[in-house]
Amino acid sequence: MSLYAIGDLHLHFQAELKARDQKTSPLWRDHEQVFLKNCQKLIRPEDTLLLAGDHSWGRKLAECEQDLQYIIDLPGRKILLRGNHDMFWDAAKTAALNAQFEGRLNFLQNNYYAYGDYALVGTKGFTFEGPFYLDRRGRVIGWDHEQEEHAKKIVDRELTRLRLSFEAARQDGYRRFIMFLHYPPTNLLEKDSGFTRMAEEYGAEQVIYAHSHGEARFADSIHGSYHGVLYRLVSGDYLRWLPLRIL
Ligand SMILES: [Fe+2]
Ligand SMILES: [Fe+2]
3 MSLYAIGDLH LHFQAELKAR DQKTSPLWRD HEQVFLKNCQ KLIRPEDTLL LAGDHSWGRK
63 LAECEQDLQY IIDLPGRKIL LRGNHDMFWD AAKTAALNAQ FEGRLNFLQN NYYAYGDYAL
123 VGTKGFTFEG PFYLDRRGRV IGWDHEQEEH AKKIVDRELT RLRLSFEAAR QDGYRRFIMF
183 LHYPPTNLLE KDSGFTRMAE EYGAEQVIYA HSHGEARFAD SIHGSYHGVL YRLVSGDYLR
243 WLPLRIL
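For the sequence shown, counting from 1, position 171 maps to 173 in our numbering; every step adds exactly one.
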């Protein structure tokens, strides 16, 4: 039994593809077929595959049906996390999605999923990408205070959701955690954040995150061990569409 993770499939079997790098970068060429073949070689029926957000370009559930069916048809148990592009998934209606896709897909939000003696917890997260502007050398050349206030509110809401996920698992007796975020745990300017501190507070063994795709963004956040927690980026193009074995 193994646990794998990958993120940012950005499927578009129905919706129009607008992302330029996805149209032009060789890393994205036929990525659905490459990923499908990799999964079929690697993942067995008893395994779990965590998809760390940005599943589909569709804006409504009706525009995501073929994308979700593609995910359903992958081997193993599939657990989905919300990404910033997953408009089809209203966080407040996660229970309804779980009922609709019962036995086929599992949606991780304000809940947790068991994997052996581990609890898989998570939420979308958020990083302050907008409030500051950097020049090419990474020097701060501007700051939007209004955006900063807005970002703080989103971060607080996401931390509340993440705590709900941890607490649900803890109440059921789980003491070992793997924590999933869609956004990186820190932005370019941060060494730590509310998300890294919560990972440490609950003793999460690993923090798995996505969202940073395109080679220029792979190094945006933490890689490797920091304060005893292992941080790993699993955006699909970073992994060349080969799911990363987490446990
Ligand atoms: Fe993405
Ligand atoms: Fe994203």
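We put the CB at the ideal spot given by N, CA and C, even for glycine.
Contact set for C66: own chain, Cβ-Cβ below 6 Å, skip 5 residues either direction
Walking along the sequence shown from the start, residue 66 turns up at place 64. S58, G60, F90.
Under 9 Å between the Cβ atoms of L73 and L107?
Taking the first residue of the sequence shown as 1, we reach residue 73 at position 71. Taking the first residue of the sequence shown as 1, we reach residue 107 at position 105. It should be pointed out that residue 73 corresponds to Ile in this sequence rather than to Leu. For I73 and L107, yes; Cβs fall inside 9 Å.
DSSP three-state assignment for K20, whether helix, strand or coil:
To locate residue 20, count along the sequence shown from 1; it is residue 18. It is coil, neither helix nor strand.
Examine ligand 2 and report whether any of its heavy atoms sits within less than 8 Å of the Cβ of G60.
Along the sequence shown, one-based indexing puts residue 60 at 58. Not so, every heavy atom of ligand 2 lies at least 8 Å from the Cβ.
Near Q208, which residues of its chain fall below 6 Å by C-beta distance, leaving aside the five closest residues on each side in sequence?
Taking the first residue of the sequence shown as position 1, residue 208 is located at position 206. Taken in chain order, the residues that qualify are I180, L232.
Check: A212 C-beta below 8 Å from any heavy atom of ligand 2
In the sequence shown, the residue the question calls residue 212 occupies position 210. It does: the Cβ of A212 is within 8 Å (strictly closer) of some heavy atom of ligand 2.
Go through its chain and collect everything with a Cβ distance to G230's Cβ below 8 Å, but skip five positions before and after it.
If you number the sequence shown from 1, residue 230 lands on position 228. Within the same chain, G230 has close Cβ partners E202.
In angstroms, rounded to a whole number, what distance separates the CA positions of Y135 and W145?
Translated into positions along the sequence shown, residue 135 becomes position 133. Translated into positions along the sequence shown, residue 145 becomes position 143. Their Cα atoms are separated by approximately 6 Å.
Is it true that the CB of N113 sits closer than 9 Å to the CB of A153?
For this step, residue 153 is matched to residue 151 along the sequence shown. For this step, residue 113 is matched to residue 111 along the sequence shown. The answer is no: Cβ separation not under 9 Å.
Taking all protein chains shown into account, do 16 or more other C-beta atoms lie within 10 angstroms of the C-beta of H215, making it buried, or fewer, making it exposed?
For this step, residue 215 is matched to residue 213 along the sequence shown. Buried, since its Cβ has 16 or more Cβ neighbours within 10 Å.
Pocket of ligand 1 (residues with CB nearer than 5 Å to any heavy atom), chain order
My final list is D10, D56.
Please report the residue range of the alpha helix (DSSP H) in which I143 lies.
Residue numbering aside, residue 143 sits at position 141 when the sequence shown is read from its first letter. No alpha helix (DSSP H) contains I143, which is instead part of the beta strand (DSSP E) from 142-145.
How is the alpha helix (DSSP H) around K43 delimited, first residue to last?
Locating residue 43 in the sequence shown gives position 41, counting from the first residue. 33-44 is the span of the alpha helix (DSSP H), which, as asked, contains K43.
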